[in-house]
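Here is the structure we will look at, set down as structure tokens.
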Amino acid sequence: MNNKIFTLSFLCFLICVLMVEHSFSQASLGIKAGGGLFNIKSSLKSEAIPSWEAGFFSVADLSEHLTLQPEIDYSDKGGKVTFEDTACTVHLQSANVRFIVSYLFNERFALGAGPYFSYMIKASQSKVIVPKSWYSPFGVGLNAAASLNAGLWIFSIRYDQSLTLLTRDGDVEISKSVNPLKSSHVSGFSLVVCVGFD
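Under my numbering, the first residue of the sequence shown carries the number 1, and numbering increases by one thereafter.
Here it is as structure tokens:
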């Protein structure tokens, strides 16, 4: 099932890239990688942990000042939470499809934002505080980015905020049980480097 979802996400990304390449003569393709600090926002005491992401991107000029940047990547995010005086580190690995629309102030500097859609591949906990089946497999979030363009290179500082809940709070079984991660979201900052192929 995980392979099917990842394959579907990758195909969606390829379709977007082909549409961008066909529609815009200035479109380019490349690879991306990044790292940062992410946290789980919940009622529990929490700390940020290191995160990473890696994947592919495409970018195309929509107009003189606007660009569209679809991306697909695999990421590891999460946080450290304290439950019943015990710290638990939660790692969430997901396949993601992102779309960022940026406004170019000049040839170098741009600000952008856009949605992302994710499918959780793996959830691990240093101490099990919720069953793995309680995590929401699908997620939606928002990326905001400040970018510096340097030829084939794009350096971005990004803020990532999940809009969907980390756990399936509406599920009857979960709602009747103690859920330390109830109403929680994942967010954080990262530095992302994109390298285009000329």
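Here a beta-carbon is modelled for each residue, glycine too, at the ideal position from N, C-alpha and C.
task: Determine the contact status of valine 160 and tyrosine 119, defining contact as a CB-CB distance below 9 Å.
output: Sequence inspection shows aspartate at residue 160; the valine mentioned does not correspond to that position. Contact: no.
- prompt: To the nearest angstrom, how far is it from the Cα of leucine 104 to the Cα of leucine 66?
  reply: 6 Å
- prompt: Are leucine 206 and glycine 36 close, meaning C-beta to C-beta below 9 Å?
  reply: The question about residue 206 has no answer, for the chain in this structure spans 1 to 198.
query: Does the segment 171-183 come close enough to the segment 138-156 to have 3 or more Cβ pairs within less than 8 Å?
result: no
message: So, at 7 Å on beta carbons, what are the nonlocal neighbours of arginine 168 in its own chain, with the 5 sequence-adjacent residues on each side left out?
response: Trp134, Ser136 and Ile174
- prompt: Mind checking valine 195: buried by the 16 CB within 10 Å criterion, or exposed?
  reply: The residue in question, valine 195, is exposed, as its Cβ has fewer than 16 Cβ neighbours within 10 Å.
Chain-order list of residues whose beta-carbon lies under 8 Å from that of serine 183 (same chain, five-residue window excluded): Ser42, Ser43, Leu165 and Asp169
query: Does the pairing of the segment 99-113 with the segment 84-91 give three or more beta-carbon distances under 8 Å?
result: Cβ pair count under 8 Å is below three, so no.
task: Would you tell me roughly how many angstroms separate the C-alpha atoms of lysine 132 and isoleucine 121, rounded to the nearest one?
output: 11 Å
- request: Measure the Cβ-Cβ separation of isoleucine 154 and valine 59 and say whether it is below 9 Å.
  value: yes
field: Pair within 9 Å by beta-carbon distance, alanine 33 and glycine 188
entry: no
task: Output the distance between the C-alpha atoms of glutamine 93 and serine 75, rounded to the nearest integer angstrom.
output: 5 Å
- prompt: CA-CA distance, histidine 22 and serine 177?
  reply: Low confidence applies to histidine 22: its pLDDT is 48, below 50, so where it sits in the model is not reliable, and the reading given next is rough at best. Put simply, the backbone Cα of histidine 22 is about 51 Å away from that of serine 177.
field: Where the alpha helix (DSSP H) through serine 175 begins and ends
entry: Element bounds for serine 175: 172-175.
query: CA-CA distance, phenylalanine 197 and asparagine 106?
result: 22 Å
- request: Under the assumption that histidine 185 contacts serine 156 (Cβ atoms under 8 Å), give the Cβ distance between them as a whole number of angstroms.
  value: The Cβ separation is near 21 Å, so there is no contact.
message: Quick test of your reading: isoleucine 40 and glycine 78, contact by CB under 8 Å. State the CB separation rounded to the nearest angstrom.
response: Right, the Cβ-Cβ distance comes to about 7 Å (below 8 Å), so this counts as a contact.
- prompt: Between the Cα of proline 180 and the Cα atoms of Ser51, Asp85 and Ala145, which residue gives the shortest distance?
  reply: Asp85
query: Considering asparagine 39, what are the terminal residues of the beta strand (DSSP E) in which it resides?
result: 28-41
message: My output table needs one value for lysine 77: the three-state DSSP class, helix, strand or coil.
response: strand
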